[in-house]
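What follows is one structure encoded as C-alpha cells, with my remarks underneath.
Protein chains: 4
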Amino acid sequence: MKKIGIVGATGYTGVELLRLLVTHPDVEISHVTSRSNVGTRVDAMFPNLRGFVDLEFSDPSIEALAQCDLVFFATPNGVAMKHVPALLEAGTKVIDLAADFRIKDIDVWSKWYGMEHACPDIVAEAVYGMPELNRDLVKSARIVANPGCYPTAVTLGLKPLVEAGLIDLNNIIADTKSGISGAGRQANVGTLLSEAGESFKAYAVQGHRHQPEIAQTLSLLADTQVGLTFVPHLLPIIRGIHATLYVRTKTNDNRQNSDESSLQSLYEKTYKNEPFVDVMPPGSHPETRSVKTSNMCRIAVHKPSDNQVVVLSVIDNLVKGAAGQAIQNMNLMLGLDETTGLMQPALLP
Amino acid sequence: MKKIGIVGATGYTGVELLRLLVTHPDVEISHVTSRSNVGTRVDAMFPNLRGFVDLEFSDPSIEALAQCDLVFFATPNGVAMKHVPALLEAGTKVIDLAADFRIKDIDVWSKWYGMEHACPDIVAEAVYGMPELNRDLVKSARIVANPGCYPTAVTLGLKPLVEAGLIDLNNIIADTKSGISGAGRQANVGTLLSEAGESFKAYAVQGHRHQPEIAQTLSLLADTQVGLTFVPHLLPIIRGIHATLYVRTKTNDNRQNSDESSLQSLYEKTYKNEPFVDVMPPGSHPETRSVKTSNMCRIAVHKPSDNQVVVLSVIDNLVKGAAGQAIQNMNLMLGLDETTGLMQPALLP
Amino acid sequence: MKKIGIVGATGYTGVELLRLLVTHPDVEISHVTSRSNVGTRVDAMFPNLRGFVDLEFSDPSIEALAQCDLVFFATPNGVAMKHVPALLEAGTKVIDLAADFRIKDIDVWSKWYGMEHACPDIVAEAVYGMPELNRDLVKSARIVANPGCYPTAVTLGLKPLVEAGLIDLNNIIADTKSGISGAGRQANVGTLLSEAGESFKAYAVQGHRHQPEIAQTLSLLADTQVGLTFVPHLLPIIRGIHATLYVRTKTNDNRQNSDESSLQSLYEKTYKNEPFVDVMPPGSHPETRSVKTSNMCRIAVHKPSDNQVVVLSVIDNLVKGAAGQAIQNMNLMLGLDETTGLMQPALLP
Amino acid sequence: MKKIGIVGATGYTGVELLRLLVTHPDVEISHVTSRSNVGTRVDAMFPNLRGFVDLEFSDPSIEALAQCDLVFFATPNGVAMKHVPALLEAGTKVIDLAADFRIKDIDVWSKWYGMEHACPDIVAEAVYGMPELNRDLVKSARIVANPGCYPTAVTLGLKPLVEAGLIDLNNIIADTKSGISGAGRQANVGTLLSEAGESFKAYAVQGHRHQPEIAQTLSLLADTQVGLTFVPHLLPIIRGIHATLYVRTKTNDNRQNSDESSLQSLYEKTYKNEPFVDVMPPGSHPETRSVKTSNMCRIAVHKPSDNQVVVLSVIDNLVKGAAGQAIQNMNLMLGLDETTGLMQPALLP
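Residue numbers (my numbering), protein chains in the order written: chain V, 287 to 635; chain F, 287 to 635; chain A, 287 to 635; chain H, 287 to 635.
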C-alpha cells in the first residue's frame, strides 16, 4: 500500500480525491491537511465519508507529508509552489491540482496569476499531466501539473485535428460551459443557489487563465502559435463541463481528408487505446450527465457545413477535470495500472 | 405620490420591494440606502431594474428618511429598532420586514434574537402586519411588524381551525419547507448551489425563531396557549414556501362540524373576502409555483382519516412572505386600496 | 377594449400570453381555445390564473374567432396556415407564434417543416414581427409572423454589425443555449426533470429550423447571403436564452471603426430608441435571469482580440422570444402604445 | 460467477441495477430484457454504460431467464406476478422491485393496485426484503419483495421506537419528500423540468399505496394495528428521499426511557451492526445528498419538546430505496457477503 497525503482537502477537488481514493485498492490515505480545520474529523465535514475515512484534518507539515509516497495539493493557486521543493527533496512525489506548474512561461504565469513564482526551475521540470499527451513523461515524473478542467475538455476535443494539421490554427473558438462546482467551495454571493440557479451567463470574455494554458498545449501539438478565442460560461448545475469547439478546415484542403467520416475515423484512431476518452458514434450529442462522477471524456465530431467542424467534448470537471485525472496520473507515477480505482460507470439519472 | 424610503435594499427583500414598487402607481421611491454601497447605482447591482430605478444607494440618515411618508426596513434583525423611534417622532411611518417588533414578550425576543431590545415601548405599540388578522389596526398604525415568511404560511393555514375551536391545540405540527432565498443574499457556504442544490434537509429541529412567533399568534387566536411543533426544511429552489400542517380534531367533537366538506366551507367562508388568500377546490394540492412572484396564499384542506386534518398552504416567501405583504400593509397605512400594485398572476412555468 | 382570441392556449406560449394579457389595460380576452380541453376552466389547468381568467377552453371555430379584433395562434407548426385565410377574410388580424409564416422561400420552409404550405400567398404578405427591424410594416400588417426565440436573440445581437458592414459575413457563429420551456409542454422523456436536470448538451448540430430563419433575416440586412453556423444547446433551467455570437471583423478594416469603444457606440446608437433592447455597459456579461419574465433583450459587445468580436445577447424565450414580442406586435397592429402591458422589471432572484 | 437477468431494464431502477452490477465482482449480467426495445444496445440507450455492458435488450422469455441464477423484475406493478411462478418452478430466484409481493392481504393489494392478483400463494411465501428486519428469511428465500422507497426510509426511521413500545401507535405522522426519479422514466407532463422544477407540492394526501405497506410492517413490529398518516411530496431534485417522522411518546412513560440521550442510545444499539444504517450524532440534520448514489440510510433522532419525537431519515430512492437494497438482498440470497458491490461513499457535491 502506497501512502498518500492530501493538502487542502476541504475544497471540492479535495473531497473528490477522498471519495475516489477510499475505494482504491493500492493506496492508503495517511494525511489529510487543512490549516483552518486542524482536529476536525474529516467525516464531520463530509458526512458522505462516514465509515470510509477515520482521520482528522492535520496541520500541513513537511515532515509528516514527506512520509508519504505521493502528495496531492488541492490548494489555492500559489500554495503548492512554496512546499513542493522540500517535498521533492525528501523524495516524495507531488501532483498539484492547482495552476502553479501548468504554464511554462513564468512571465505569462505571473501575469495571469498575479504573483511571483517561488520555484521557476521546478516549473521547467514539471510534467503537464494529461496522460493522452504525456503518458511516458508522467510515469517518470517527480512533479506533475494536473491540467485545468476547461483545458482538459478543450485539448482532448481538439488534439486529433491539431496534430493532423487539418484546420486553420488562427481561428479556433472554444465556447465552454462549466458546472458551478468549478468555482470552488468558497462563500461567495455569485455562486449562491439564489444567484446562479435558474440562470446562465458568460464570464471573463476579456480573458481567462485557462486560455494561455490551452494555447500553450495546442501550440506544442501544432508546433506553431495558435489563435484561440476562449469564452467560458457558468452552468446552473453542480458537475459537468461541455466544450463546443468551432474550427475551420483549411480551404485549400484535399476534401477527402476532412469529410465527416474521415474526421470520425481520425478521432476513433487517435483515441482507440485510451481508457478514458470515448469517441461517440457519428451524429451524437454527448450530455454532461453521461460522464457525471466518471473519469471519462466523451467526444463527438460534426461537420455541419463546408469547412466548418464542430466538436463536442464533455467531462465531469471534478473527475477527469481534476481529481480523477490526478489519480490517473498517480497510478502512472506509482507504477500501478492506469485505470485502477477509476472504472465505474457514470451516474444516470 | 407618497414618498417611500427603503433601508438596506441590497438583500432579497429589498430588491423585491423595489421590483414591486417601481410599477406602483401611487408611490415614488425617494431613498434607497445601503451603508456599504453608498454611491453605487441601484441598477448596477440589480440589472433587472435598469430603466426603472434612477437612484444611487445612499447613506441611511434620519434626516433624509424623515422626508419620506413611509420607510421600509429590509435590514438584519436588530437594526430597525435603533432608528424607528426617531422616525416615528418625525412623523414618518415604518414597516419593519425583520423581526424587531414581531414578538410582544421582550424576554422571549431577547432569548431568540440574542440581544437586548432598544425600544420595548414601541414593540408594545407595533401592529403585527397580517391584514387577514389585523386589517383595521394596520390602517391606523405608525409602526408595523411585517410577519415572518413561515409564520405567514402557517398562520393563514391554521386560522380557521383555531378560531373555530375544532382542534386539539396541544398537538399542532407544522412541517414547513422554504426556498433558499429565505436564507438571504449573504455569502455562505451552506447556500451555495453546489451545496444546497440537488439536496434537501431539515434544520433547526431543536428550535427556530419562527416557532415563538407562530405560537404567539395562534395563542391569541385561540385565547389559550397552544402546543406547536415546528420543523423547517430547506428546498433547492429559489422562491416558495410550502407548509404541511397536521392537526387532530377534538375526539369528542360533533362529527358534523369537522367532516371534510364542513372544513372546506369553513375555510371558504373565512377567506371569502380576502384578496390574497385563495382556498383551493377540495382535493387540491397547491404547488409553490402557483404563487411564484405573486402575493397570493393558496390553501387546501384535507381530512385523510378520522380526526386527522392536513392543511396545505403555499406562498412566495419574498412576496406574501415579505415584500408583497409589506406593500399590502403600506397600502393600508397610506389609505390606498389594499391591492394596489399587487394584482399580477403568478409566473407559470 | 379590443377583443382578443388565443388558439391553442394550453402550451407555454399560450399560458404566457394569458399571464401578460390579463393585466393589459386595453384588451379583453374573449376566446381561449383548445380542441382537447373543451369545457375545462382555464384556471383549472393553470392555477396561477385563478381570479384573473373566468373562461373555459372552447372549440376553435372561425365564426367565434372572427368576432375578435386579433387572434394569436399559439399552436404547433402547420395549424395556423389552415385557419388564417378565413380569419383575414373576415377582417380579423392574426399573429402566428409558430413558424408557418416566418420563411419566405416556400421550398425551404417545406424542407425544414416537413409539410406542404397551405397558403403561400399569405406567406408573401406576412410581416416578420420583429419591431426593431420592421416596426412600420407591423403597424399596418394583417398577418404577422412572430419570430422564433433563438432568431430573436441572435438577430438583435448581430443587427448593428451586419448593417454596418463591419464583419466577415461568411463566418458567423451562433452558439446558443435555451431553457427547456422552449421544448414546449409535451409529455416527452427527454425533457423530464430526471433526464434534463443537472445536465447540458448540444442538439441538432447537423441542422436546426432556426438556422434558415436567422440566415434569411441577416441576409436581408446585409443585402447578400451570409454563412451562419448555428448550434443550439439545452439548458437545465425553465426560462432564458443566451446567445454567444462570434464574428470576425474584416481584416482590411480601418481599425478605428471596429475597436471596442466604437462597437459599443454603434450598438448604443442603433438601439437608443428601442424600448426593449438594452445595450449593457462595456465589459458586461448579461445573465439570463436579468430578463426573466420581461420583454427585454440585453446585449453586451466584446472584442477580446484583434479581429474577434464576441456579442452576448439574452432574452426570456417565452417573453421577448414568444408571447411578449407577440403582444408588442399586437400593440402596434391595434394602434396602441407599443409598450403597453410590457413594462415590468425582470424577476430577481 | 452467478448469472443475473434483469426484466424491464429501461426504467430508472433497471439502469441503476445495471450501474451497480457491472462492477460487482461475483455476478455477470446475462440477460437484459425490454419488450419494446429488442435489439437495441443497452449502451445506446444509456451512454453511461458504454464500455461496461456489451448486450442488447432481448425479449423476456422464461426459457432464457430460467438459465439465470437470479432475476430482477424492474417492471411496472402487475408484470412480475405473471412470470414469477414459472421461474420459481425452474429453480430461478426472483427479486421483484415493484409492488406485486409486498402486501400480504390480497384484498388490500387489489384495492390499491387496481387489479386481481395472479398468484396469491406466492405472495404468502414471499419475503419482504428489508434485511434489517428479515435478514435470515431473505437468505433462504426463493422470492423477495423489494420494499418501496418511502417504506424503506420510514420503516428504518421508526423501527427502534415501535419495537421498544415507547410511542403512541395511534398517531404516527410521516411527512415524506421524494426526488422526481421516483416517478419513473415515463413521458409525463407533470414531471417535466418546466413543470416540476423550481416548485414543490404534496400529492396523494387522500391516500397513497405506500401507506398500507408501511402500516403492515409497523403493525408487525408493534404486534398491533398502528395509525399512520402518510403525506408524500415531490422534490425538484433527481435522487433522494427525506422522511420527517413525528411521534408522541406515551404520556404515562417513565421519562428516563425516552429522553433524548436514551433515544439516541436506542437507535445506536438497534443499528450498531447494520452496514447500511448510519445513526448520526445527536443534533444532526442529515441531507439527502449525504446518501446520494449510496446504499446508506442516515437517521437522526430529536426530541424538541416533551412527548414529541422527531426522526429524520434519508436514503437515495434509487439505491437503498430500490436497486441497492435489491442487490443487498441478492447478495444474501446467493450466499455472498451482504455488502459486496455496495461499499462506495456517497457523492458530494
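Think of the CB as a built atom: it goes at the ideal place given N, C-alpha and C, for glycine as much as any other residue.
Span separating the alpha-carbon of residue i from that of residue j
i        : j        : result
H/His528 : H/Met629 : 21 Å
H/Gly415 : H/Gln611 : 8 Å
A/Ser570 : V/Gly297 : 29 Å
V/Pro568 : H/Gly337 : 17 Å
F/Val448 : F/Val301 : 35 Å
H/Asp329 : H/Leu335 : 5 Å
V/Ala608 : A/Pro433 : 42 Å
H/Leu633 : F/Gly493 : 30 Å
H/Leu373 : H/Ser347 : 10 Å
H/Lys445 : F/Arg525 : 35 Å
V/Leu351 : V/Asp564 : 36 Å
A/Val394 : A/Pro311 : 40 Å
V/Val430 : V/Leu478 : 33 Å
F/Asn456 : H/Thr309 : 53 Å
Beta-carbon spacing of residue i, residue j below 8 Å
i        : j        : result
H/Ile290 : H/Ser322 : no
F/Tyr553 : H/Thr515 : no
V/Pro631 : H/Arg305 : yes
A/Ala412 : A/Tyr399 : no
F/Glu484 : H/Ile523 : yes
A/Phe332 : V/Thr574 : no
Chain V contact for residue i (CB, 8 Å cutoff)
i        : result
A/Arg471 : no
F/Pro522 : yes
A/His588 : yes
A/Ala508 : no
A/Gly415 : no
A/Phe486 : yes
A/Asp461 : yes
A/Ser591 : yes
A/Gly493 : yes
Residue i: contacting residues in chain D (beta-carbon distance under 8 Å)
i        : result
F/Val565 : This model lacks chain D altogether, as its protein chains are V, F, A and H.
Within-8 Å CB hit, residue i to chain F
i        : result
A/Gly337 : yes
H/Ser548 : no
H/Arg305 : no
A/Tyr532 : no
H/Thr537 : no
H/Thr572 : Rather than Thr, the amino acid found at residue 572 of chain H in this sequence is Pro. Yes, because at least one Cβ of chain F sits closer than 8 Å to the Cβ of H/Pro572.
H/Gly476 : no
Rounded distance between the beta-carbons of residue j and residue i, thought under 8 Å
i        : j        : result
V/Val370 : V/Cys405 : 6 Å
A/Leu442 : A/Glu481 : A/Leu442 to A/Glu481, Cβ: 31 Å. No contact.
CB contact below 8 Å: residue i versus chain A
i        : result
F/Pro568 : no
H/Ala482 : yes
V/Val409 : no
F/Ser544 : no
CB contact below 8 Å: residue i versus chain H
i        : result
F/Phe353 : According to the sequence as given, residue 353 of chain F is Gln; it is not Phe. F/Gln353 does not count as touching chain H.
A/Tyr557 : no
V/Thr309 : yes
V/Asn457 : no
The ligand FAD heavy atom lying under 7 Å from the CB of residue i
i        : result
V/Leu304 : Among the components modelled here there is no ligand, and therefore nothing to report on the ligand FAD.
So if I threshold CB-CB distances at 9 Å, which residues from the stretch 621–634 of chain V count as touching chain H?
Met629, Gln630, Pro631, Ala632, Leu633 and Leu634
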